[in-house]
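K.L.:
Pasting a structure below so you can have a look.
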Amino acid sequence: MDMNVLSTPGHLISLAARGFARLSEARLKPLGFGVGHLPVLVALQDGRASTQRDLARFARVEQPPMAQMLARMERDGLIRRTPDPADGRSSLITLTERAEARLPDAVAVLLQGNDDVLRDFTDEEAGLLVTLLTRLIANLDRVAGAEASPGPERSS
């Protein structure tokens, strides 16, 4: 079967993700946030504290990029670090009052963006899309995990 690679789910989802990222980035910028900040903001909302390692795991990114982003967020006054009483080598990271105050507006902007791009979808279609994407992400995690874990050696 000759399939056009530009019409595969992977490519179309990638295009949609980039489109969402551009839209969200433009709408979050006036609030002092970026799309990359979202996992950190969600993880630390409501006064929660976390370590860099746990934030990297939550955001599904490696530690070095998380360290760079946290340094920028600290520079921009969005997070603060305090020594972790349970581990002197580690810091606990929390949102600043400024970031906490802007977070509800950021959530509203993102929800409005989703509403805007799903305007001609029925509630059932939007719900089905979320269900299918959630399953797809779980499958991607499973396949990537299986490929990353060392298995028995294969003979050719």
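Residue numbers for the sequence shown follow this note's numbering, so the first one is 37 and each next one is one higher.
C-beta atoms are modelled at their ideal positions from N, C-alpha and C, and glycine is treated no differently.
#1: For the beta strand (DSSP E) that residue 127 lies in, which residues bound it at each end?
#2: For residue 47 and residue 169, what's the separation of their Cα atoms in angstroms?
#3: Taking the continuous beta strand (DSSP E) assigned at residue 118, which residues delimit it?
#4: Using CA atoms only, rank isn't needed, just tell me which of 152, 129, 153 is closest to residue 113.
#5: Between residue 157 and residue 119, what straight-line distance do the alpha-carbon atoms span, to the nearest angstrom?
#6: Could you tell me whether the Cβ atoms of residue 79 and residue 94 are closer together than 8 Å?
#7: For residue 191, count the other beta carbons within 10 Å of its own beta carbon; 16 or more makes it buried, fewer makes it exposed. Which is it?
#8: Do residue 64 and residue 145 have their C-beta atoms closer together than 8 Å?
#9: Between residue 160 and residue 70, what straight-line distance do the alpha-carbon atoms span, to the nearest angstrom?
#10: Taking residue 170 as part of the alpha helix (DSSP H), name the residues at either end of that continuous run.
#11: Which one of 49, 111, 76, 42 has the shortest CA to CA distance from residue 139?
P.N.:
Result, derived from the coordinates:
#1: It spans 123-131 - the beta strand (DSSP E) in which residue 127 sits, taken as one unbroken run.
#2: Spanning the two alpha carbons is a distance of roughly 14 Å.
#3: 115-120 is the extent of the beta strand (DSSP E) around residue 118.
#4: In terms of CA proximity to residue 113, 129 leads the group 152, 129, 153.
#5: Going by the C-alpha atoms only, they are around 48 Å apart.
#6: The criterion of a C-beta distance shorter than 8 Å is satisfied by residue 79 and residue 94.
#7: At residue 191 the pLDDT is 45, less than 50, meaning the model places this residue with poor confidence and gives no usable figure here.
#8: Yes, these two residues count as a Cβ contact at 8 Å.
#9: CA-to-CA, the gap between residue 160 and residue 70 works out to about 30 Å.
#10: Segment 159-184, the alpha helix (DSSP H) holding residue 170.
#11: Comparing Cα-Cα distances from residue 139 to each of 49, 111, 76, 42, the minimum goes to 76.
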